[in-house]
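Protein chains in written order, with our numbering: chain U, 84 to 450; chain X, 14 to 239.
What follows is the structure, given as structure tokens:
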């Protein structure tokens, strides 16, 4: 299947308890993110795409197939849509072991001319499931369950993968580990995906386009780096603060220091980051919370913080309760968002156009 | 006179046949009651339960009316004789009608304990309704369904009132453990009555014990999936 075939044309109206899901989207993003706080209609949207909810009105076309057209009473049932659905609670089949779960979609894969054995091997390899194959699903940890659910969906030979909050049930370190698996899946399998999440960091790391939902409507839409820097999204995401996400290459990995290099057009920016598993040359995704960054108007000296990078203020944004500075560190890198107090902005006379330094500790960078 | 072993063997055989008779319609009805909502569901559920609360003799009398020569399933309406009354077929029919509600109620609970989300997962993996039922719902409900069958079996072993009315109590033909015990007690044959009582206690204990074990394990297994 060619990449240009991934075309979504969706127009959906569905009354829910508190509001109506009412959205339109037309696009061809291979990795589409859907962002919103809990109860904004994200999961319902995913269930409608999966064909598990029949009560919606409107239409849904995917890659030229009609999945729903309520005017003509057309509805393609879930089993005929060839989707791989990974719900938040995984829903592994308790009467089958891990291998049995992975093989349950074998018939569909074969019916669609997919080389099941090869797909199975690839999924097992990418998701590192080899040692789990003969284990009962009741003896899996949260991260393992997530990987098995993902593997089960991949092995069934889907044409679209739907992931509902793939990392929400996991804690910090595990979340990063599973995120790496998701990125591997994205890069190994030529599959379009819709990822639902309430975490901007995940969507920035995974997706090429993002829809922001609020009470069932699309509030913003665009590429994640831009969307998540828009003012009204700060408020939507405020509970978890803002995370700056960037990709870099490891240039130094030894006992004492690990250095990550971010390309910046003409020159590269080197950051000291905490110890990671990896070798020089590995590409990694790192994040940095907006409230972990200090701003200095001159180059600071005698600081323990290992990272100090020159930047230029692009904008000062204010929401109802908080202030943010958006600082550019290079033309080809997404700008950094820094959370500040009103006092600091006034005392340092921060305004667009002035040169500053962004200062942060090694341990503030999460890789 | 048949030996006591012949009576016990015949009773076990008829009880097993009862399980076979109630299994398919019982599973179908239990699934429909557990999963679908439709107009008249409450009435259907109540009618299914009726034999559990009616006096067995009332059910027997109803069946007698049904199979009598002028009944709905009698010779005059059908044009031929089903030859049910006072035969082993009447025993199995009476036992089936009396066991059906127990089977359906237990099976319904077994299906209700299988989370429908698991069936949805099956559909998302390409399963049609039938495949989702046979590959997911049925295996996950299997312990509960075996428990339902065992309960139906036990109920059939103990059936007396309805059986006696349509099948009678004919030694070597329609006499069951329950009716043999009744006859032995009535005729003062204590040693036979005691032995039959012992067998009834033993079989009853084993089936109820196994049923309880199965339903408990089934609940545990389902709990683990959530």
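Every residue gets a Cβ at the ideal spot worked out from N, C-alpha and C, and that includes glycine.
*Flag residue 149/X as yes if its beta-carbon sits less than 8 Å from any beta-carbon of chain U, otherwise no.*
Taking Cβ atoms only, chain U reaches closer than 8 Å to residue 149/X, which makes this a yes.
| said: In whole angstroms, give me the CA-to-CA distance for residue 25/X and residue 170/X. | reply: C-alpha separation (whole angstroms): 7 Å.
Taking one C-beta from the segment 416 to 430 of chain U and one from the segment 358 to 368 of chain U each time, how about it: are there three or more such pairs within less than 8 Å? No, because fewer than three Cβ pairs between the segment 416 to 430 of chain U and the segment 358 to 368 of chain U fall closer than 8 Å, the two stretches do not touch.
Reduced DSSP category for residue 144/U - H, G, I as helix; E, B as strand; rest coil: Strand.
Check: Does any residue of chain X bring its CB to less than 8 Å from the CB of residue 85/U?
Finding: Here residue 85/U scores only 40 on pLDDT, less than 50, and its place in the model is too uncertain to base an answer on.
field: Distance CB(residue 116/U)-CB(residue 307/U) smaller than 8 Å
entry: Here residue 116/U is near residue 307/U, since their CB atoms are less than 8 Å apart.
Notebook entry, point to check: If residue 240/U sits next to residue 188/U, beta carbons under 8 Å apart, how far is it from one beta carbon to the other, in whole angstroms?
Noted result: Contact between residue 240/U and residue 188/U is confirmed by a C-beta separation of about 7 Å, below the 8 Å threshold.
From residue 221/X to residue 35/X, what distance separates their C-alpha atoms?
Answer to the nearest angstrom: the Cα atoms are 19 Å apart.
*asked:* Counting C-beta neighbours from all protein chains within 10 Å, is the total for residue 84/U 16 or more, i.e. buried, or is it exposed?
replied: Any reading at residue 84/U is ruled out, since the residue's pLDDT is 39, under 50, leaving its predicted position unreliable.
Under three-state DSSP, which class holds residue 85/U? Unreliable placement is indicated for residue 85/U, whose pLDDT of 40 sits below 50; no coordinate value is reported for it.
**Item:** Which of helix, strand or coil DSSP assigns to residue 143/X
**Value:** In the three-state DSSP reduction, residue 143/X falls in the helix class (H, G or I).
Own chain residues within Cβ distance below 7 Å of residue 150/X, not counting five before or after: Once the five neighbours on either side are set aside, the close Cβ partners of residue 150/X are 124, 127, 132.
Exercise. Tell me, which residues are paired with residue 452/U by DSSP?
Worked result: In this structure chain U extends from 84 to 450, so residue 452/U is not present and cannot be described.
Run through chain U and tell me which residues come within less than 7 Å of residue 141/X, C-beta to C-beta. Within chain U, the residues near residue 141/X are 162.
Checklist line | Cβ-based burial, residue 447/U [other Cβ within 10 Å; buried from 16] | finding: Buried, by the Cβ-count rule.
Consult DSSP for residue 184/X and reduce its assignment to one of helix, strand or coil. Note: residue 184/X maps to coil in three-state DSSP.
Practice prompt. Look up residue 94/U in the DSSP assignment and give the residues it is bridged to.
Written response: As computed with DSSP, residue 94/U is found in a beta bridge with 107/U, 142/U.
- Would residue 39/X pass as a contact of residue 175/X if the rule is Cβ separation under 8 Å? Note that the C-beta distance between residue 39/X and residue 175/X is not below 8 Å.
Grab me the residues of residue 336/U's own chain with a C-beta within less than 7 Å of its C-beta, minus the 5 sequence neighbours each way, in chain order.
Exclusion of the five residues before and after residue 336/U leaves 361, 362, 363 as the residues of its chain whose Cβ lies within less than 7 Å of its Cβ.
| If you measure beta-carbon to beta-carbon, which residues of the segment 20 to 53 of chain X are closer than 9 Å to chain U? | Cβ contacts with chain U come from no residue of the segment 20 to 53 of chain X.
Quiz item: Skipping 5 residues on each side, what residues in its chain have a beta carbon closer than 6 Å to that of residue 286/U?
Solution: Cβ contact annotation for residue 286/U (same chain, cutoff 6 Å, sequence separation greater than five): 116, 118, 280, 293, 307, in chain order.
Between the C-alpha atoms of residue 177/U and residue 220/U, what's the straight-line distance to the nearest angstrom? Cα to Cα, residue 177/U sits roughly 6 Å from residue 220/U.
What residues match up with residue 398/U in a beta bridge as DSSP calls it? Paired residue(s): 409/U.
- prompt: Using the beta-carbon count (16 or more within 10 Å), is residue 121/U buried or exposed?
  reply: It is exposed - the Cβ of residue 121/U has fewer than 16 other Cβ atoms within 10 Å.
| message | Can you tell me whether residue 207/X is buried or exposed? The criterion is at least 16 other CB atoms within 10 Å of its CB, across all chains shown. | response | Exposure of residue 207/X is indicated by the presence of fewer than 16 other C-beta atoms within 10 angstroms of its C-beta.
Element boundaries [beta strand (DSSP E), containing residue 330/U]:
Start and end: 326 to 336.
Review point. According to the Cβ coordinates, are residue 400/U and residue 409/U closer than 8 Å?
Key: Note that the C-beta distance between residue 400/U and residue 409/U is below 8 Å.
| said: If contact is defined by three or more beta carbon pairs under 8 Å, each pair taking one atom from either stretch, is the segment 90 to 99 of chain U in contact with the segment 133 to 147 of chain U? | reply: Short answer: they touch.
Rounding to the nearest angstrom, what Cα-Cα distance links residue 223/U and residue 251/U in this structure? Between residue 223/U and residue 251/U, the C-alpha separation is close to 17 Å.
task = Could you tell me which residues DSSP pairs with residue 166/X in its beta bridges?
result = Residue 166/X pairs with nothing; no bridge assigned.
Sheet register partners of residue 157/X (DSSP bridge) | None; residue 157/X has no bridge partner.
- Query: Relative to the C-alpha of residue 115/X, which residue among 161/X, 44/X, 87/X is closest?
  - Reply: Closest option to residue 115/X, Cα to Cα, is 161/X.
* Is the Cβ-Cβ distance between residue 81/X and residue 180/X less than 8 Å? -> No, they are not a contact pair.
| said: Does residue 362/U come out as helix, strand or coil in the three-state DSSP assignment? | reply: When DSSP states are grouped into helix, strand and coil, residue 362/U belongs to the coil group.
Is there contact between the segment 163 to 183 of chain U and the segment 226 to 238 of chain U, where contact requires at least three CB pairs shorter than 8 Å? The segment 163 to 183 of chain U is in contact with the segment 226 to 238 of chain U.
**Prompt:** Excluding five sequence neighbours on each side, which residues of the same chain lie with their C-beta closer than 6 Å to the C-beta of residue 152/U?
**Reply:** Cβ neighbours of residue 152/U beyond the five flanking positions: 142.
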